[in-house]
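Heads up, the thing below is written out as structure tokens.
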Amino acid sequence: MKKVITILTLFFAVFISAQTKQAILISHQYNFQSEKDSYNINNMFKGILMSYFDVYFDDEELPIEIAQNSCNALKADLIDNSNVFATKLKFVFKDCQNKILFESIEVKSKDKSSQTGYIETIKMLAPEVQKYMASKSSLKKIPEQNSTEISKKNETTVASNSINVKYKFLEIQNGFAILDATPKVVLQIYRTSVQDVFIADKFGKKGVFYKKDNKWYLEYYDNDKLVNEEFVF
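In structure tokens:
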């Protein structure tokens, strides 16, 4: 009974963490601005980020996990290359060591009104945020010499409806994608702080992928029903 409670507690803990967005910090006043939120740039920038991130201004009270460790959040900087002929903006995402993780293209508006120009360019940056999110899930093959705790020579056999299917494991940010022979991604798993436990994402259904008695299991809810799939390696 104690073991069951432990597994359920762990399941819901990783399920909740899977729903948590990455935190990101932005400024109320960038170098090119003479005052806070001039032309409403900063609030608009926050607006296009909020669909994908938990967004905080760097001068407001921050969650304790970010206040105590800045590496728990990314930083977003707006860069203004405007001139008398056009409003030009781009942004960069950085980690806590100021390493650039992503740089957007530069967008521009030729509207003569600075207010309108900034509104237009901020809106034009929204697809660039989507591009960054897509790049996070781009697949990279695991080097052959780097076998993982869940793969041998990058492929294995998984039991699915009594049919043996050969899968390949590809490295993605913070975890692995499992591909069938098509190849098609059938599951994505993400590392946690607990050994042999991964956060799982199966076509939008969030769950947990864990090892028990030398077997691997995927658990998730489908229409309020708990589904348990056994993966035999």
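Going left to right, the sequence shown walks through residues -23 to -1, 1 to 210 as mature numbering (1 follows the signal peptide of the UniProt record, and there is no 0) numbers them. Beta carbons: idealized from backbone N, C-alpha and C, even for Gly.
From K76 to K202, what does the alpha carbon distance come to, in whole angstroms? 43 angstroms
Cα-Cα separation between L51 and K188, rounded to whole angstroms: 32 angstroms
Any idea what DSSP makes of Y194, helix, strand or coil? strand
Which two residues bound the contiguous alpha helix (DSSP H) that contains I18? 18 to 26
Write down the C-beta distance between V32 and L39 rounded to the nearest angstrom, noting that I regard them as a contact closer than 8 angstroms. The Cβ separation is near 11 angstroms, so there is no contact.
Taking the continuous beta strand (DSSP E) assigned at I77, which residues delimit it? 77 to 80
Tell me the residue span of the beta strand (DSSP E) that contains Q(-2). -2 to 3
Should S170 go down as buried or exposed, given a rule of 16 or more other Cβ atoms within 10 Å for buried? exposed
Since M21 and I96 should fall inside the 8 angstroms C-beta cutoff, what is the C-beta to C-beta distance between them, to a whole number of angstroms? 7 angstroms
Would you grab the beta carbon distance between S91 and T64 for me? Rounded to a whole angstrom, and I think it's under 8 angstroms. 7 angstroms
Of the choices E42, D173, D54, whose alpha-carbon is the least far from that of Q10? D54
Candidates Q45, V174, S47, K87: which alpha carbon is nearest F62's? K87
What is the C-beta distance between K182 and D199, in whole angstroms, given that I count them as a contact (C-beta under 8 angstroms)? 6 angstroms
Who are the near neighbours of N19 in its chain, counting only those whose CB is closer than 6 angstroms to its CB and skipping five residues on each side? H5
Rounded to whole angstroms, what is the Cα-Cα separation between E196 and V185? 5 angstroms
In whole angstroms, what separates the C-alpha of I166 from that of I41? 27 angstroms
Leaving out five residues before and five after S47 in sequence, what residues of the same chain have Cβ atoms less than 7 angstroms from its Cβ? C73
Can you tell me whether A154 is buried or exposed? The criterion is at least 16 other CB atoms within 10 Å of its CB, across all chains shown. buried
So, is D173 buried or exposed, given that buried needs 16 or more other C-beta atoms within 10 angstroms? exposed
Express the C-alpha separation of E37 and N60 in angstroms, rounding to a whole number. 31 angstroms
Helix, strand or coil for T64 per DSSP? strand
Taking CB distances under 9 angstroms as the criterion, tell me whether I1 reaches chain C. This model lacks chain C altogether, as it is built from one protein chain only.
Per DSSP, what are the beta-bridge partners of K202 in this structure? D199
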